[in-house]
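Trainee: The sequence shown runs 3 to 339 under my numbering.
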Amino acid sequence: MHILTSFFLLFISSSLFAQPFTERVLDSVVNKAFQKHGLHQMTITWSEYEGSPLTKIQTFNSQGLRTENRVFDGNRWVRHKETYDSLTRRTSFTFFDEKDTSVVTSVHVYTYPDSSTLKEEVFNLGTELTSTKYEQYKKDKDTVWITETESWAGHNRVSKNLTRITQKSDSLTIVEYVGFDDSGKMKDIDTYYHLTRKDKKGNSIRTSGKYEVVVDESLQNNQELYMDVISYPEKYIQYQLDGKYPYVFGEEITSTMVFDPKGRLISNKDYSSKTNYFYNQEGKVIKTESFYKSYDNPKEEKTSEQIYHYDSRGLPLKVVETRFKSGKVITYTYAYK
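#1: Excluding sequence positions up to five away, which residues of its chain have a Cβ less than 7 Å from the Cβ of F95?
#2: Distance check for A337 and Q65, CA to CA, integer angstroms please.
#3: What is the DSSP secondary structure of Y247, counted as helix, strand or coil?
#4: Check whether the region 249 to 262 and the region 271 to 281 touch, using three or more Cβ-Cβ pairs below 8 Å as the test.
#5: Would you mind giving the Cβ-Cβ distance between T305 and F326, rounded to the nearest angstrom? I have them listed as a contact below 8 Å.
#6: Nearest CA to the CA of T107: which residue from T175, V124, Y114?
#7: Is DSSP giving H110 helix, strand or coil here?
#8: How is Q242 classed by DSSP in three states: helix, strand or coil?
#9: Which runs of the alpha helix (DSSP H) at least 4 residues long sit entirely within the region 17 to 102? Give them in chain order.
#10: Compare the Cα-Cα distances from T93 to each of V73, Y194, T69 and report the closest residue.
#11: Give every residue of the same chain whose Cβ lies closer than 6 Å to the Cβ of P263, excluding the five residues on either side of it in the sequence, and list them in chain order.
#12: So is E284 buried or exposed if we call it buried at 16+ other beta carbons inside 10 Å?
#13: So, under 8 Å CB-CB, I46 and K38 are touching, yes? Tell me the CB distance rounded to an integer number of Å.
#14: Would you say the region 169 to 179 touches the region 149 to 160, given that touching needs at least three Cβ pairs under 8 Å?
#15: Classify S17: buried if its beta carbon has 16 or more other beta carbons within 10 angstroms, exposed otherwise.
#16: Return the chain-ordered list of same chain residues with a C-beta closer than 6 Å to the C-beta of N278, the five sequence neighbours on each side being excluded.
Dropping the structure here:
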């Protein structure tokens with residue numbers, strides 16, 4: 003029988019504001035055209051309700067990195083700013099007050115003590131240090147360790163997490179998340195896989211899900227083992243990290259991404275939703291279809307369709323979205339500077 007070492011394995015896995023319809027497949031198109039034509043700002047406007055049109059304004063630097071993001075949801079603006087160093091590494095992320103976007107609410111400052119360490123400091127109102135987090139990276143052959151250690155000003159408490167990413171083969175990647183208690187001992191672990199394979203059409207299919215520990219069925223009723231695992235979880239987590247347990251792929255696939263032979267995303271699916279992508283001969287996405295299913299109604303239903311239009315520079319001009327349940331048609335209009 004396959005058990006998730008459920009005695010101790012734990013997994014801890016919104017936007018309040020209206021956002022424009024966006025797709026990851028537009029990112030590379032926009033970035034390339036922005037740098038080619040020397041542009042620095044993109045504004046998206048659309049209307050979902052009666053009243054003021056909704057707006058999203060993004061500003062970019064000469065490297066194509068976003069330096070400011072402002073979103074108007076019909077009632078108020080949300081504003082963020084970012085800065086970078088000469089190596090294009092982010093050096094700060096600033097949040098502004100929703101009622102007065104000239105007032106700083108918090109600043110995240112990023113520094114790089116060495117090539118394998120990221121230090122993040124959070125300042126309330128931009129001046130009062132509230133927390134400090136270090137992310138340290140270590141690579142050995144096909145394995146990467148990422149250790150996060152966070153402390154809070156005025157509190158004698160440190161939070162630690164470890165992520166281990168192992169490339170088992172050209173097609174299989176294993177990701178392990180390890181949590182620690184306040185005394186620094188390992189308390190929980192969760193493991194996932196990412197598996198890539200080819201279909202008959204030459205498409206690359208990338209599936210993800212739980213990577214489950216196989217435990218002998220006889221151990222389920224072993225009270226002594228149960229109490230030992232509860233009392234000393236770090237010992238069994240270390241056994242797992244040392245590879246002493248066999249694994250199997252979980253029965254449920256959490257996500258599936260399909261890429262065509264040219265590397266373009268043509269389908270993206272998770273528990274309840276799926277999006278299909280269609281491209282023109284130039285490789286630009288021209289249509290997407292979105293589907294949804296729920297536990298109450300497991301039959302997949304088409305919820306919306308998006309048609310993309312481009313200007314002569316190859317930049318998005320507008321996206322026309324049709325929502326089938328409400329019959330509403332929304333047009334997202336793009337403008338550039």
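Glycine included, each C-beta is placed from N, C-alpha and C at the ideal position.
Mentor: According to the structure data:
#1: Around F95: H82, E84, H110.
#2: When rounded, the distance between both Cα atoms is 19 Å.
#3: Three-state result, Y247: coil.
#4: A contact between stretches requires three or more CB pairs, one per stretch, nearer than 8 Å, and the region 249 to 262 meets this requirement with the region 271 to 281.
#5: Rounded to the nearest angstrom, the Cβ distance from T305 to F326 is 6 Å, consistent with a contact under 8 Å.
#6: The option with the nearest alpha carbon to T107 is V124.
#7: Here H110 sits in strand by DSSP.
#8: Q242 falls in the helix class under three-state DSSP.
#9: Within the region 17 to 102, the complete alpha helix (DSSP H) runs of at least 4 residues are 29 to 39.
#10: It is T69 whose Cα lies nearest to the Cα of T93.
#11: Cβ neighbours of P263 beyond the five flanking positions: G204.
#12: Answer is exposed; the Cβ neighbour count stays below 16.
#13: About 20 Å separates the two Cβ atoms, so there is no contact after all.
#14: Between the region 169 to 179 and the region 149 to 160, the count of Cβ pairs shorter than 8 Å is below three; the stretches do not touch.
#15: Residue confidence for S17 is low, a pLDDT of 34 falling below 50, so the modelled location carries little weight and cannot support an answer.
#16: Counting only Cβ-Cβ distances below 6 Å, and skipping sequence neighbours, we find S269, E291.
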